[in-house]
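Down below is the structure, laid out as structure tokens.
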Amino acid sequence: MARIIAGIGTSHTPAIGAAVDNGKTNEPYWVPLFRGYEPAKKWMAETKPDVAIIVYNDHVNAFDFKIVPTFALGCGAEFPIADEGWGARPVPIVKGYPELAAHMVQSLVLDEFDMTIVNEMQVDHGLTVPMTLLFGQPKEWPVRVIPLAVNVIQYPAPTGNRCYQLGKAIKKAVESWDEDLRVVIFGTGGMSHQIQGPRAGLINKEFDTAFLDNLTRDPERLARIPPLTYLREAGAEAIELVMWLIMRGALGDHVREVYRFYHVPASSTGVGHIILEAA
Amino acid sequence: MPDALITTMSKQPEEYEDIPGTWVFDAQRARKGYHLNAFLYSLMKAENREEFLADERKYLQKFPMTEEQREAVVKREWNKLLELGGVSYALAKLAFTDKKSYQYMASQMVGVPESEYVKMMLRGGRSPDGWRSKRERQD
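Top line first, the protein sequences correspond to chains A and B.
Numbered according to my numbering, the first sequence spans residues 1 to 279.
Numbered according to my numbering, the second sequence spans residues 1 to 139.
Pasting the structure below:
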């Protein structure tokens, strides 16, 4: 059967992708950040998963406001890279896993998570920056990807609890697939940041640290954080952290933290990264 | 935190309108900003960016926005655009059209030069202390 063997939490700041694409990773501004992801890349190269479910949000690239799906599962065979207004990132096209995605949709809807099915869409930095951070710059991505796009842009995003429960349903869906597959799940976005209004630039390291701690200690507590608390304490865009709770829910009750990294800033963001192995 | 609070809070705009220096992009703001954001979305295409820059007011007539929204676009009044229903990720496409970055746009919203904003971030960013609530700040 297919199994979810690990979860990866990581920020997906677009400037990180731009730094890689433009060969700036050796600049003093970026050195500490990329050094912090080296052990993660090594872990990923050794783990060699078959499939990555990547929970991310689109930033007004694949979806304009004609349709705003709360949970959209990418069921296509491939996902082209979006031109977000400065040219598409020079990264390989993302290959999907339509058979498994179709199975997941059926399982999730019958578990009362009414997913939007997306057969064609472009993917933006929300999905590709985490791939770059964990897989580097290969000619072809070494995994097949099932994108799960979550609306965290138009308020309200789904609650943390809803996301956590969806993660549990994803675990059930994956484990009811016969093929022997090693699956990892990414929760992306965050951590504390705000990129709008006179309060832009807000960072709350204490909040972020407690969030990272509680992913292993007390995820149920994280699932009860109300939306307003993310906005007020950690910035308007910190609500993206609910996507990490989908990842956490999909790992089961017990996890082992194998790596953690935290760094301020990348552009306006408090960058957080964690690897959790299902115990 | 009781579960009931999760559902009640999400229905009370006055709660999040209390956050200072922030325009939460909620369903009402999304409704008002629909055509403004559609204009911003159109700037993803290079030919549209060129056409817009060649004659901004003419290009803006293609979208059934309010005159107030058009004016704020031409003047690059970033905070006004947030208030009128623009969402920051879409507004970034206007900044990119001007060959500026996210950080530049954020610095303009804060009202400081970009270099000063970048320095603030390098020092660890803006502390939430004093920025949690309008009531607390007596704004």
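For glycine and all other residues, C-beta sits at the position ideal for the given N, C-alpha and C.
The model shown is predicted, which means the values in this text are computed figures rather than measured ones.
- Secondary structure note for L148/A: it is in no alpha helix (DSSP H), and the uninterrupted beta strand (DSSP E) holding it is R144 to V150.
- Taken through DSSP and simplified to helix, strand or coil, E175/A comes out as helix.
- Against chain B, the beta carbon of G270/A has neighbours under 8 Å at G125, listed in chain order.
- Chain-ordered listing is empty here: chain A has no CB closer than 8 Å to the CB of Q69/B, the nearest sitting near 15 Å.
- By the criterion of a C-beta distance shorter than 8 Å, C163/A is surrounded in its chain by V150, A223, V242, M243, L245, I246 and G249, once the five residues flanking it on both sides are discounted.
- K80/B has its alpha-carbon roughly 12 Å from the corresponding atom of S88/B.
- The secondary-structure analysis by DSSP pairs F39/B with nothing; it has no beta-bridge partner.
- Taking the beta carbon of P128/B as reference, the chain A residues within 7 Å of it are L202, N204 and E233, listed in sequence order.
- The three-state reading of DSSP puts T209/A in helix, counting H, G and I together.
- Interface residue (Cβ-Cβ distance to chain A less than 8 Å): M44/B is classified as such.
- With a threshold of 8 Å between beta carbons, Y164/A makes no contact with chain B.
- T66/B is outside the set of residues whose beta carbon lies under 8 Å from a beta carbon in chain A.
- Close CB contacts of E83/B within its chain, under the 7 Å cut and outside five residues either way in sequence, are with W23 (chain order).
- Taking all protein chains shown into account, P32/A has fewer than 16 neighbouring C-beta atoms within 10 Å of its C-beta and is therefore exposed.
- DSSP, read as helix, strand or coil, puts Y259/A in strand.
- Residue environment: R144/A is assigned as buried (16 or more neighbouring CB atoms within 10 Å of its CB, all protein chains considered).
- The beta carbon of A82/A sits closer than 7 Å to the beta carbons of N61, A62, A88, Q122, V123 and D124 from its chain, once the five residues preceding and following it are set aside; these are given in chain order.
- Linking N119/A to E51/B through their CA atoms gives a straight-line distance of about 32 Å.
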